[in-house]
Every structure is written in structure tokens, then in C-alpha cells.
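Trainee: Per the working numbering, the sequence shown starts with residue 1, numbered consecutively.
Note that beta-carbon positions come from the ideal geometry of N, C-alpha and C, so glycine has one too.
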Amino acid sequence: MKILSFIILILILALSWWFLFRRRKGDGTLPMSSPWKKILEKEVRFYRNLNATGKNRFERSILRFLERVQITGIGIEIDDTDRLLVASSAVIPLFGFPGWEYRNLNEVLLYDRSFNPDLESGHQDENALGMVGTGAMNRMMILSKPALVQGFRNNHSKQNVGIHEFVHLLDKADGETDGIPEIFFEEPYVIPWIKLVQEEINKIKDADSDINPYGATNEAEFLSVVSEYFFNQPALFKKKHPKLYQTLSKIFNQPLETD
Ligand SMILES: [Zn+2]
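1. Using a threshold of 7 Å, state whether the C-beta atoms of Ile39 and Thr81 are closer than that.
2. So, for Pro242: in the same chain, excluding its five sequence neighbours on each side, which residues have a beta-carbon less than 8 Å away from its beta-carbon?
3. Beta carbon of Asp125: closer than 6 Å to some heavy atom of ligand 1?
4. Could you pull out every residue in the same chain whose Cβ sits closer than 8 Å to the Cβ of Pro31, ignoring the five residues on either side in sequence?
5. For Asp112, tell me which candidate among Ser249, Tyr189, Pro146, Val132 has the shortest Cα-Cα distance.
6. Measuring straight from C-alpha to C-alpha, what distance separates Ala52 and Val226?
7. Report buried or exposed for Lys25, applying the criterion of at least 16 other Cβ atoms within 10 angstroms of its Cβ.
8. Which first and last residues belong to the beta strand (DSSP E) in which Tyr102 is found?
9. Name the residue from Asn138, Gln70, Lys42 whose alpha carbon lies nearest to the alpha carbon of Val86.
10. Measure from the alpha carbon of Val161 to the alpha carbon of each residue in Ile92, Leu248, Ile251, Ile78, then state which is nearest.
11. Cβ atoms of Leu129 and Ile78: under 7 Å apart, would you say?
12. To which residues does DSSP link Gly75 through a beta bridge?
13. Can you have a look at Gln159 and say buried or exposed, based on whether 16 or more other CB atoms are within 10 angstroms of its CB?
14. From the DSSP secondary-structure annotation, give me the bridge partner or partners of Tyr111.
15. In whole angstroms, give me the CA-to-CA distance for Lys172 and Ile251.
16. Give the secondary structure of Met32 by DSSP, where H, G and I count as helix, E and B as strand, and everything else as coil.
17. If Val197 and Gly179 are in contact, beta carbons under 8 Å, what's the gap, nearest whole angstrom?
18. Spatial neighbours of Arg45 within its chain, please: CB distance less than 6 Å, with the 5 preceding and 5 following residues excluded, ordered by chain position.
19. Say the cut is 6 Å; is the CB of Glu200 nearer than that to a heavy atom of ligand 1?
20. Which value, in whole angstroms, describes the spacing of the CA atoms of Met137 and Lys239?
21. Mind checking whether Gln233 and Phe95 have CB atoms under 7 Å apart?
22. Could you tell me whether the Cβ atoms of Phe237 and Phe230 are closer together than 7 Å?
23. Span of the alpha helix (DSSP H) holding Gly162?
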């Protein structure tokens, strides 16, 4: 009798383990669950504006990203919304290139408010809201959780720290974070792009631009800052900066809906 109880216990344990394991694996491979779709619908305007086929592709890209990249809260609890917002920040800039993935990232750390990392670990962005790690922190990204959420939640904001840092990561993919993401550019477009960036940076310096002045810091910050504006407020960006809009549409291979 004792042996029978023992066998039953082992069977129950094995079944629970299988069930847990199966569920866990399923998060990344099965179609996205409807609570997650609801979160995307509510929080991510880019997703909301896609048609059914686009939404499906977006969901798959999100699941693939979450399968490959770990998201960790440092001293804070994080939930599914936080994970989906990090993944959306990653998927949006690459959405025009189906099948492309970030090969230079293992983990995203989320902090409460701003953080105070070792300055040698990477370039720290304005108000320490985000950072792409280098050296010992290579293949890591740090984001402020409140800033991440705010970038999606505020419908009138031109700022989105998640998109900002993922564009840095794309820029960095060719070895240099220089505002010229070679993976997107064909040679003939590089020089006109550098000229356009200089013109726009000068306008910011002359206080003749509605682009976040932080974009005038250097070419890399310019690319990340205008990408935030481009993806967060496409209609306004198109109206105010038609030439930049056209160029960024080409860079990111995604003509956007005007809303
Ligand atoms: Zn930056």
C-alpha cells in the first residue's frame, strides 16, 4: 500500500512538473493569450493602428523577443504590462524588417525611477532614464520603469525611452553608436543623411525646432530622439518635418498610418 501511495505521489509530481514546464514553454510558442492582446490594445498605439495581419505579426515578434530576452525588475515587482512594453519598444523599430531580431541583447533591467549605474558601464541617457550597456554590462539594457510606461501612456508625448534605447541598440549593431545604423542604410543614403542631421541639429541649437533639444547632443542622440517622435507622433512629425519623416520611413521601412 505504501509503495502504491509513493507511486501515485511521484506520478502527481511528474504531471505537475510537465504541466508547469509545458505552460512555461507555451508562453513563447503558442498564439498570444487574450489578456496579453488586451494589454497591447490598451497600451500600445502602434499595435492598435495595425490591421489584423499586422497585429498577428506583432504578437509573434513580441513572443519571440520575450523567449530570447530576459526582463528583470531590480528591487521592484514587474508585471506582464511592463514586459509587453519592453518587448513593444523592441519590436516597433524593427517591424518593417520581418524576421530581424536583436542579436546584441540578453537582458533588460527595469529600475524604479532613475538609476545610478557605474558610468563606465555604458552611455547613460538624459536624467538616467535609459542606458545600453557596454563593457561588463554588454548585451544589457537598463530602463526606468516609470519612464517606460509614461512613453506609451501619454498620447501627446514625443518621448519614449524604450524606443530611444532600442534604436541605440540598432545603431550599435554595426559596431559604432554613431547615428548611422549601417544595417538600414545603403551607401548612397549616408551622406545626405549626415547633412540632414546637421541641418536639423543646427535648427535645434537656434531654438527653431520642436524636436527635444537633447537630440542636439550628437548624431546618435539625434537618431534616437527623432525616432521616438516619429513612432510616438507620426502625424505631427510628418506635418512638421516632412523631409525627416520621409527619410525615417525609408530607414525603418515602415510608412506609418497618420492618425
Ligand atoms: Zn540616448
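Mentor: Working from what's here:
1. yes
2. none
3. yes
4. Glu59
5. Pro146
6. 28 Å
7. Caution is warranted here: a pLDDT of 42 is assigned to Lys25, below 50, making its placement in the model unreliable, and the coordinate value is therefore given only provisionally. Label assigned to Lys25: exposed.
8. First-last for Tyr102: undefined, no H or E at that position.
9. Gln70
10. Ile92
11. no
12. Gly75 is not bridged to any residue.
13. buried
14. Ser144
15. 15 Å
16. coil
17. 6 Å
18. none
19. no
20. 39 Å
21. no
22. yes
23. 161 to 172
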